[in-house]
């Protein structure tokens with residue numbers, strides 16, 4: 017698992033007495049939160065449970081979530097999504113697993129690749145993932 021970025025904070029998500037997941041979250045000056053989870057050290061079932069919990073929580077937070085990046089393979093760097101998520105940048109990272117994002121980024125990601133699919137989750141957030149199973 018990776019640690020928090022210089023401006024991020026770590027949060028623990030306990031799955032059991034001996035398995036915890038650390039994610040980073042950054043509350044941005046833009047009035048939103050960004051979360052990145054690296055779940056490459058978990059089993060597929062554990063990763064599914066963590067992802068479901070975080071997505072459910074993100075849709076109910078009082079602070080708008082602009083993005084939740086769930087990396088199941090450990091391929092995402094801590095700053096890979098900053099340009100696209102915070103500044104509507106044109107450079108789009110490769111979607112490593114699942115990304116929960118708001119429009120216009122959701123629409124931009126879906127247009128950029130026919131291999132992606134989108135699913136509305138509530139709270140104006142869309143879950144983007146590869147069309148083929150991971």
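Residue numbers (the working numbering): 17 to 150. Heads up, the beta-carbon is just placed ideally off N, CA and C, and yes, glycines get one too.
- The straight-line gap separating the alpha-carbon atoms of residue 64 and residue 106 is approximately 30 angstroms.
- The alpha-carbon of residue 139 is positioned some 20 angstroms away from that of residue 103.
- Our two residues, residue 70 and residue 116, have alpha carbons roughly 10 angstroms apart in a direct line.
- Short of 6 angstroms from the beta carbon of residue 31, and not among the five residues preceding or following it, lie these beta carbons of its own chain, in chain order: 62.
- Here residue 87 carries a strand assignment [DSSP, helix/strand/coil].
- The beta carbons of residue 87 and residue 122 sit no closer together than 8 angstroms.
- Ranked by Cα distance from residue 51, the options 130, 147, 74, 142 are led by 74.
- Around the beta carbon of residue 83, 16 or more other beta carbons sit within 10 angstroms, so the residue counts as buried.
- With respect to the C-alpha of residue 89, the residue from 54, 128, 129, 66 having the closest C-alpha is 54.
- Nearest Cα to residue 67 within the set 80, 130, 119, 85: 85.
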